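To keep things clear, I will list the structure first and then write my remarks on it.
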Amino acid sequence: MALLALVGLFITSYAGDGMLHWLGLAVFATAVFVNFNLIRVAFDEAEGKAGKTYEVVPIALLLVAVGSVLFHVFSPWWWPPIASNWGYIDDTITLTFWITGVVFVLIVLFMAYCAYRFRHRKGHRAAYEPESKRLEWTLTIITGIGVAAMLAPGLFVWNQWIEVPEDAAEIEVVGQQWYWSFRMPGADGLLGTADPRNVSPENPLGLNPYDANGQDDVIVDAAALHLPVGQPVKLLLRSNDVLHSFYVPEFRGKMDMVPGMVTYLWFTPTRTGSFQILCAELCGVGHAQMRGEVVIVEETAYLAWLREQATFGQMLASTDRNNAKPRTAGATGGAESHD
Numbered sequence: 000m001a002l003l004a005l006v007g008l009f010i011t012s013y014a015g016d017g018m019l020h021w022l023g024l025a026v027f028a029t030a031v032f033v034n035f036n037l038i039r040v041a042f043d044e045a046e047g048k049a050g051k052t053y054e055v056v057p058i059a060l061l062l063v064a065v066g067s068v069l070f071h072v073f074s075p076w077w078w079p080p081i082a083s084n085w086g087y088i089d090d091t092i093t094l095t096f097w098i099t100g101v102v103f104v105l106i107v108l109f110m111a112y113c114a115y116r117f118r119h120r121k122g123h124r125a126a127y128e129p130e131s132k133r134l135e136w137t138l139t140i141i142t143g144i145g146v147a148a149m150l151a152p153g154l155f156v157w158n159q160w161i162e163v164p165e166d167a168a169e170i171e172v173v174g175q176q177w178y179w180s181f182r183m184p185g186a187d188g189l190l191g192t193a194d195p196r197n198v199s200p201e202n203p204l205g206l207n208p209y210d211a212n213g214q215d216d217v218i219v220d221a222a223a224l225h226l227p228v229g230q231p232v233k234l235l236l237r238s239n240d241v242l243h244s245f246y247v248p249e250f251r252g253k254m255d256m257v258p259g260m261v262t263y264l265w266f267t268p269t270r271t272g273s274f275q276i277l278c279a280e281l282c283g284v285g286h287a288q289m290r291g292e293v294v295i296v297e298e299t300a301y302l303a304w305l306r307e308q309a310t311f312g313q314m315l316a317s318t319d320r321n322n323a324k325p326r327t328a329g330a331t332g333g334a335e336s337h338d
């Protein structure tokens, strides 16, 4: 009941309209009332007084069932509108909520019924039934059907999750404390090799400078990644330091980034807009600030943005020019060099 009271306070504090605000206050007040009654009954029993627990417990259980359903229906914490092809994940979660929610409500209502129906009354004795094969088989079969109904859709979705379309564009996402970087293949359509031991201020992604396939790779060493709408994308995920996890709520995609491994996920953006990238794995003191952005645009805008990005070869050339030492007058063949 204390948890239900906290739920009421959260609903009230985050309510976007008057209805949710008053609903949260009602849940909070009811939970506090029931808590005080439970405490009163406990003190009465400790003092040897005839407590009336049977009047409070069924009511409390009914409130838990009703409050849970209302919180689910009117909850301000719900997933944002989807922006990818993974509506299957929403359907699977909704099915899981239906199955577990119905079972939860039925069990709580059954407990409330039992607490009232089989309450202590003078002259009544409890019947002892050590086991019931019929009940055990019934519960086992029903539970098995429910578990299968929740697992089966997930297996179909997982099969789609690991089968990447052949026309999906490959883009690398690199996570490190505490920012995101991105890499796209250049004109050759191939990504060059990389090694975390090559990471430096001039080479933040650790690319192999001697790999010809990586010279034209497009480097996006910024927090924003642009993608074209309606085109499937395969993200190759790796980490340069510790465990991270790439997560965009609107895409329903989440995948861990393990140092020394390359994981992946794929999706097809279905609408334009800007969507926040979150790190969904605790990765240090700056974990909460490790955020980025995926910007979904039309293909023409995407190509225009892509032309503005620097390649790895251009970055190396720029670094070499900046590190080159300025020549002295003697080095130009002037008189001072021959005296």
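0 is the number of the first residue of the sequence shown in numbering that gives the first Met the number 0; add one for each residue after it.
Glycine included, C-beta positions come from ideal geometry on N, C-alpha and C.
All figures in this text were calculated on a predicted structure; none of them were measured in a lab.
- At the C-beta level, residue 148 and residue 171 stay beyond 9 angstroms of one another.
- Contact between the stretch 265 to 283 and the stretch 292 to 304 is present: three or more C-beta pairs spanning the two stretches fall below 8 angstroms.
- Listed in chain order, the non-local C-beta contacts of residue 205 below 6 angstroms within the same chain comprise 193, 194, 195, 197, 198, local neighbours out to five positions each way being set aside.
- Nearest to residue 101 by alpha-carbon distance, out of 180, 209, 252, 64, is 64.
- A residue is called buried when at least 16 other Cβ atoms come within 10 angstroms of its Cβ; residue 91 meets this threshold and is buried.
- Sequence-distant partners of residue 159 (beyond 5 residues in either direction) whose C-beta falls short of 8 angstroms from its own C-beta, in its chain, are 87.
- Out of 156, 267, 222, the CA that lies nearest to the CA of residue 234 is found in 267.
- Within the DSSP bridge table, the entry for residue 310 names 217 as partners.
- Only residues of its own chain outside the window of five on either side were considered, and among them none has a CB closer than 6 angstroms to the CB of residue 229.
- With a beta-carbon spacing of about 17 angstroms, residue 219 and residue 238 fall beyond the 8 angstroms limit used to define contacts.
- With respect to the 9 angstroms criterion, residue 311 and residue 187 are not classified as neighbours on the basis of their beta carbons.
- Around the CB of residue 217, 16 or more other CB atoms lie within 10 Å, so the residue is classed as buried.
- Assigned with DSSP and collapsed to three states, residue 275 falls in strand.
- Remark: C-beta atoms of residue 126 and residue 56 do not approach each other more closely than 9 angstroms.
- With at least 16 other beta carbons inside 10 angstroms of its own, residue 191 counts as buried.
- Listed in chain order, the beta strand (DSSP E) elements of length 3 or more contained wholly in the stretch 186 to 237 are 217 to 219, 223 to 227.
- Pairing residue 203 with residue 180 gives a Cβ-Cβ distance under 9 angstroms.
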